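Chemist: The opening residue of the sequence shown carries number 1 in the UniProt record's numbering; numbering runs sequentially from there. Let me begin by handing over the structure; questions about it come next.
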Amino acid sequence: MLSGSSSTNQGVRCHCGILAVQKTSWTTQNPGRRFVACKLYNPETKMCGCRFFKWIDEDITEWQTKLINELLNENKCSKSEVPMKKPMKIDDGMPQSKYNKLTFELQSMKKNLKHIKIILGMIFIGVVLVLVK
1 MLSGSSSTNQ GVRCHCGILA VQKTSWTTQN PGRRFVACKL YNPETKMCGC RFFKWIDEDI
61 TEWQTKLINE LLNENKCSKS EVPMKKPMKI DDGMPQSKYN KLTFELQSMK KNLKHIKIIL
121 GMIFIGVVLV LVK
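Take a look at the structure:
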């Protein structure tokens, strides 16, 4: 999985002449490392775009890469250990409109939690990089 988020990077243009987007790599080789790339390029399918690519962050050391990957794996494991509750059925007496509203709110909360985790991860990486230097 290459990126969790992307945003237009102000001022950097790709070879197509359009503004490049900033993304975050979540590969095992470059976990949490930011880069800019052509907005039209899809690295998974290698389709479209000019394949413009440039790292924003400096390369991280092997032990930092290992540490970040271990933390990501622990996070995945802890998610799988949480028992999944049986999904609520609409016919349990709840009106459809209330069910739809709660489902929307849940999805929104999950999205916000994902963003918070990414931000915390980046803060952690920044602190590690400061401590190393």
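Think of the CB as a built atom: it goes at the ideal place given N, C-alpha and C, for glycine as much as any other residue. All values derive from a computational prediction rather than experimental measurement.
If you drop the 5 nearest sequence neighbours on each side, which residues of the same chain put their C-beta closer than 8 Å to that of residue 3?
Modeler: Because residue 3 carries a pLDDT of 48, less than 50, the predicted location of this residue cannot be relied on, and the following value inherits that uncertainty. Cβ within range, chain order: 23, 24, 25 and 26.
Chemist: According to DSSP, is residue 11 part of a helix, a strand, or is it coil?
Modeler: DSSP places residue 11 in strand when its eight states are reduced to three.
Chemist: Based on Cα-Cα distance, which residue from 37, 28 and 120 lies nearest to residue 63?
Modeler: Comparing Cα-Cα distances from residue 63 to each of 37, 28 and 120, the minimum goes to 28.
Chemist: Whose C-beta lies closer than 8 Å to the C-beta of residue 69 among residues of the same chain, with five residues either side of it excluded?
Modeler: The residues are 28 and 31.
Chemist: Excluding the 5 residues flanking residue 121 on each side, which residues of the same chain have their C-beta closer than 7 Å to its C-beta?
Modeler: Counting only Cβ-Cβ distances below 7 Å, and skipping sequence neighbours, we find 32.
Chemist: Does the Cβ-Cβ distance between residue 56 and residue 34 come in under 8 Å?
Modeler: Going by C-beta atoms, residue 56 is nearer than 8 Å to residue 34.
Chemist: To which residues of the same chain is residue 75 closer than 8 Å at the C-beta, ignoring the five residues directly before and after it?
Modeler: Correct list, in chain order: 117.
Chemist: Do residue 52 and residue 14 have their C-beta atoms closer together than 8 Å?
Modeler: Against a cut-off of 8 Å, the Cβ pair of residue 14 and residue 52 comes out as a contact.
Chemist: Helix, strand or coil: how does DSSP classify residue 63 here?
Modeler: Residue 63 falls in the helix class under three-state DSSP.
Chemist: Looking at the structure shown, is residue 103 part of a helix, part of a strand, or coil, going by DSSP?
Modeler: Residue 103 falls in the helix class under three-state DSSP.
Chemist: Going straight from the alpha carbon of residue 21 to that of residue 37, what length do you get?
Modeler: Rounded to the nearest angstrom, the two C-alpha atoms are 6 Å apart.
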